[in-house]
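Some notes on the structure that comes next.
Numbering (this note's numbering), first residue to last: 4 to 174.
Here it is, written out as structure tokens:
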């Protein structure tokens, strides 16, 4: 009986880890689910020439009853942090308008996202980037989620994409 309990506990821990598996991926679209939200993050296009632009889009859906903090909050807002990459110029994330939310346990109004939304980051390959090279773009999606009673610890989910730099199209 004890062996079955241990095996069941191991299976439950393994299943929980699989739900929030944060291993880096190099796919064009990365989809994840945590206990607070679901999101997909994609870069388009993945093949780009020096001087061209690409977009990183992160579509976030807070789970029922959850909210995440918007920029400007005194709590951990949702944000995408990208590691510096010498061949890329990275723009500031663009956020949609937030909603004011009254957190009753503290009688505090904060700006949050409770419904699906999109974060957008513009990228550009710098002039002089070597053609036929690859760029690894790494970063994290960070947020703090709460429901109507509890604020959970901040989360940081690692992300990674591979981009290819091609020669510019000829005249």
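From the three backbone atoms N, C-alpha and C, an ideal C-beta is built for every residue, glycine too.
Stretch-stretch touch, CB-based, cutoff 8 Å, three pairs: the region 92–101 with the region 43–50: no
Where residue 129 falls, given that 16 or more other Cβ within 10 Å makes a residue buried: Here residue 129 refers to the residue found at position 126 of the chain shown. With fewer than 16 Cβ atoms within 10 Å of its Cβ, residue 129 is classed as exposed.
Thinking just about the alpha-carbon of each residue, which of 138, 124, 39 and 64 is nearest to the one in residue 52? Counting from one through the chain shown, the residue named residue 52 turns up at place 49. Selected option, being the one with the closest Cα: 138.
List the endpoints of the continuous beta strand (DSSP E) containing residue 84. Counted from its first residue, the chain shown places residue 84 at position 81. Here the beta strand (DSSP E) through residue 84 covers 82–85.
Might you give, ordered along the chain, the residues of its own chain that have their beta carbon closer than 6 Å to the beta carbon of residue 141, omitting 5 neighbours on each side? Reading the chain shown from its first residue, position 138 is the one you call residue 141. Here the set comprises 86 and 163.
DSSP-derived helix/strand/coil call for residue 2: Coverage of the chain is limited to positions 4 through 174, which leaves residue 2 absent and any answer about it impossible.
Kindly identify the DSSP beta-bridge partner or partners of residue 62. Within the chain shown, the letter at position 59 stands for residue 62. In the DSSP output, where bridge partners are listed per residue, residue 62 has 43 and 121.
Since I believe residue 64 is in contact with residue 119 (beta carbons under 8 Å), could you give me their beta-carbon distance rounded to a whole number of angstroms? The residue given as residue 119 occupies position 116 in the chain shown. The residue given as residue 64 occupies position 61 in the chain shown. That belief holds up - the Cβ atoms of residue 119 and residue 64 are roughly 4 Å apart, short of 8 Å.
Sub-7 Å separation of residue 115 and residue 72 beta-carbons: Taking the chain shown and counting its residues from 1, one reaches residue 115 at position 112. Taking the chain shown and counting its residues from 1, one reaches residue 72 at position 69. Cβ atoms of residue 115 and residue 72: closer than 7 Å.
Hey, how far is the Cα of residue 89 from the Cα of residue 54? Mapped onto the chain shown, residue 89 falls at position 86. Mapped onto the chain shown, residue 54 falls at position 51. If I take the Cα positions, the gap works out to 13 Å.
Could you tell me which of 69, 32 and 37 sits nearest to residue 152, measuring between CA atoms? Taking the chain shown and counting its residues from 1, the one referred to as residue 152 is at position 149. The shortest Cα separation from residue 152 among 69, 32 and 37 belongs to 69.
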